[in-house]
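Participant: Be aware that the sequence shown starts at 7, since it is given in my numbering, and climbs by one per residue. All C-beta atoms, glycine included, are put in the ideal place defined by N, C-alpha and C.
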Amino acid sequence: MVKLNMGCGEDKKEGYINIDNRESCKPDMVYDLEKTPYPFENESAEEILWKDSLEHLSWRVIENVLKECYRILKKGGRMYIQTPDLEIIAKKVILDPNFKYGDLEGYKAIGFWVYGRQDPQPDGSFGGWGGFHKAGFTKQTLKKLLESVGFKIEEIKNDNGSNIICWCKKV
Numbered sequence: 007m008v009k010l011n012m013g014c015g016e017d018k019k020e021g022y023i024n025i026d027n028r029e030s031c032k033p034d035m036v037y038d039l040e041k042t043p044y045p046f047e048n049e050s051a052e053e054i055l056w057k058d059s060l061e062h063l064s065w066r067v068i069e070n071v072l073k074e075c076y077r078i079l080k081k082g083g084r085m086y087i088q089t090p091d092l093e094i095i096a097k098k099v100i101l102d103p104n105f106k107y108g109d110l111e112g113y114k115a116i117g118f119w120v121y122g123r124q125d126p127q128p129d130g131s132f133g134g135w136g137g138f139h140k141a142g143f144t145k146q147t148l149k150k151l152l153e154s155v156g157f158k159i160e161e162i163k164n165d166n167g168s169n170i171i172c173w174c175k176k177v
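This is the structure we're talking about:
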């Protein structure tokens, strides 16, 4: 049974093909997930995970990426997405003038939540994938996008924090 952990970073899952564009996190497969088509056969995967990674892809490629996921999944195959909920984040920022995230506050906390952690590269630059958010979603926009590709939403909710949790399947 093929299971894919897309954009795994350091969060590698046993029983999955862990895929990331960075060799430094030692994934099972180094691959730029913005490049389609993916190197997998039609209907070859039972499950695809996008845990805190889909938002790191350009908004310009997200629809094609999700179409690729649909192509790769077997009928009845499931996909899990965890991604920041921009609606929840916006409400927190607007309603709490002392908004903080950990030891970050003000524009830094907002920047972290909306644009990612933006880790510097080994050379000190801020290029590359390194924690930058390039796309954003609300529950409504994610649901509409997934349904437009052909997925059936099984569950979409907030995690009682700042993330959307979504399970969908290929029908």
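(1) Just the Cα atoms here: how many angstroms apart are residue 61 and residue 140?
(2) Residue 149 and residue 170 - do their beta-carbons sit closer together than 7 Å?
(3) Could you tell me the distance, in whole angstroms, from the CA atom of residue 48 to the CA atom of residue 41?
(4) What span of residues does the beta strand (DSSP E) with residue 16 cover, start to end?
(5) Within the chosen definition, does the segment 70-89 reach the segment 105-117 through at least 3 CB pairs nearer than 8 Å?
(6) Pick out whichever of 165, 151, 175 and 147 has its Cα sitting closest to the Cα of residue 159.
(7) If you drop the 5 nearest sequence neighbours on each side, which residues of the same chain put their C-beta closer than 7 Å to that of residue 168?
(8) Report yes or no: do three or more beta-carbon pairs, one from the segment 66-86 and one from the segment 14-23, lie closer than 8 Å?
(9) Should residue 23 and residue 34 be called a contact, given that it needs their Cβ atoms to be closer than 7 Å?
Facilitator: Per the coordinate set shown:
(1) Counting only the Cα atoms, residue 140 lies some 6 Å from residue 61.
(2) Going by C-beta atoms, residue 170 is not nearer than 7 Å to residue 149.
(3) Each residue's Cα considered, the two are about 17 Å apart.
(4) Where residue 16 is concerned, there is no enclosing beta strand (DSSP E), given that its DSSP letter is neither H nor E.
(5) no
(6) 175
(7) Within the same chain, residue 168 has close Cβ partners 90, 91, 94, 95 and 119.
(8) Cβ pair count under 8 Å is below three, so no.
(9) yes
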